[in-house]
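*Asks:* One structure coming up, written as structure tokens, with questions to follow.
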Amino acid sequence: MAVKDVPATTLTYSFTGLANGTYTASVSAANLNGSGNAASWTGAVKYTSAVKATAATTAYGKTPKVAVTVTGSHGVVPSGKVTVKDGSTTLGTGTLDSSGKVTIGLSNHLKVATHTLTVSYGGSTKLNASVTTAKLTITKATPSVSSTAPASISHTGRAKVGVRVTATGTTPTGTVRVYEGSRVIATGTLSGGKVTITLPKLSRGKHTLHVFYAGSTTVNSKNGANFTIKST
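Numbering follows my numbering, with no gaps: position 206 of the sequence shown is 319.
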């Protein structure tokens with residue numbers, strides 16, 4: 114036990130050189146009769162920790178991941194939980210492995226933007242909590258566009274073109290246009306990633322067409338492959 118006399122006007126006192134552990138401090142003030150009643154405080158001495166976090170650019174619909182490494186001073190190996198937040202919203206949590214690392218998967222539907230994430234280590238019995246930030250960029254998804262159409266049709270009939278747009282982890286929405294050259298000849302709106310578009314009557318001869326998906330706030334635009342319909 115160590116005893117330290119300090120002036121009566123002392124409001125705070127710092128202890129230095131204490132090892133990791135729990136300590137109880139008792140404070141008593143001298144009076145004319147010797148000493149007053151003692152007041153005590155019990156607290157833990159913990160070492161510092163540091164957090165490093167990285168997040169790779171991820172397309173919308175795919176699972177973004179944050180790689181976290183926590184280190185402790187004085188050779189203490191960190192243990193415990195890490196939390197990732199975007200503002201006040203918790204996106205994910207994870208538990209550190211024996212080397213102080215964890216990779217945390219987040220929602221695959223984060224807004225297309227650059228997010229500043231707050232990555233917090235909650236501390237342990239030996240280490241204080243710590244926090245850092247990491248940038249995560251969510252880009253638009255890249256779609257695949259496919260179409261089906263009859264090889265031929267009567268010039269008095271109207272061909273139907275089936276279009277399907279897919280993207281990993283999300284169902285594309287929005288507008289599809291059918292082009293002949295640079296001219297739009299028909300349009301349709303996706304439902305469940307699909308649409309059937311009825312074309313206008315085509316004059317006799319071969320017509321080379323292609324479909325174009327106009328994209329959305331989460332999925333990029335894309336052209337489909339050319340196809341030919343023969344009007345007889």
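Even glycine gets a Cβ: it sits at the ideal position worked out from N, Cα and C.
Are at least three pairs of beta-carbons, each pair with one atom in the segment 229-249 and one in the segment 178-196, less than 8 Å apart?
*Replies:* The segment 229-249 is in contact with the segment 178-196.
*Asks:* Tell me which same chain residues have a C-beta within less than 6 Å of the C-beta of residue 233, skipping the five on either side of it?
*Replies:* Closer than 6 Å at the Cβ level, and outside the excluded window around residue 233, lie 196 and 244.
*Asks:* Using the Cβ count rule (16 or more neighbours within 10 Å means buried), how would you classify residue 263?
*Replies:* By the 10 Å Cβ count, residue 263 comes out exposed.
*Asks:* How about residue 283 and residue 188: do their beta carbons lie closer than 8 Å?
*Replies:* No, they are not a contact pair.
*Asks:* Taking the Cβ atom as the reference point for each residue, do residue 310 and residue 291 lie within a distance shorter than 8 Å?
*Replies:* The answer is yes: Cβ separation under 8 Å.
*Asks:* Would you kindly check if the distance between the Cβ of residue 177 and the Cβ of residue 223 is under 8 Å?
*Replies:* A contact, by the Cβ cut-off of 8 Å.
*Asks:* Report the residue from 336, 259, 183 and 314 whose alpha carbon sits nearest the alpha carbon of residue 298.
*Replies:* Closest option to residue 298, Cα to Cα, is 314.
*Asks:* If we count the other Cβ atoms within 10 Å of its Cβ and call it buried at 16 or more, is residue 329 buried or exposed?
*Replies:* Under this definition residue 329 is a buried residue.
*Asks:* Please report the straight-line C-alpha distance between residue 230 and residue 327, rounded to a whole angstrom.
*Replies:* Straight-line Cα distance between these residues: approximately 31 Å.
*Asks:* Starting from the C-beta of residue 354, find all residues in its chain whose C-beta is less than 8 Å away, skip the five residues before and the five after it, and write them out in chain order.
*Replies:* Nothing in the structure corresponds to residue 354, since the chain is present only between 114 and 345.
*Asks:* Reducing DSSP to helix, strand and coil, say where residue 233 ends up.
*Replies:* Correct three-state label for residue 233: strand.
*Asks:* Tell me, which residues are paired with residue 277 by DSSP?
*Replies:* Answer is 259 and 307.
*Asks:* For the beta strand (DSSP E) that residue 322 lies in, which residues bound it at each end?
*Replies:* Unbroken beta strand (DSSP E) run through residue 322: 318-326.
*Asks:* DSSP three-state label for residue 162, please.
*Replies:* Looking at residue 162 - three-state DSSP - the assignment turns out to be strand.
*Asks:* Nearest to residue 221 by CA position, among 248, 254, 206 and 215, is which residue?
*Replies:* When only C-alpha atoms are compared, the closest one is 254.
*Asks:* Under the DSSP definition of a beta bridge, which residues are partnered with residue 343?
*Replies:* According to DSSP, which records beta bridges pairwise, residue 343 is partnered with 265 and 319.
*Asks:* Is it the case that the Cβ atoms of residue 258 and residue 307 are separated by a distance below 8 Å?
*Replies:* In this structure, residue 307 does not lie closer than 8 Å to residue 258 by Cβ.
*Asks:* Taking buried to mean at least 16 other C-beta atoms within 10 Å of its own C-beta, is residue 320 buried or exposed?
*Replies:* That one is buried.
*Asks:* Verify whether the separation of the beta carbon atoms of residue 168 and residue 247 is less than 8 Å.
*Replies:* Yes.
*Asks:* Looking only at its chain, what residues have a beta carbon closer than 7 Å to the beta carbon of residue 164, apart from the 5 residues adjacent to it on each side?
*Replies:* Answer for residue 164: 181, 183, 232, 234, 243, 244 and 245, listed in chain order.
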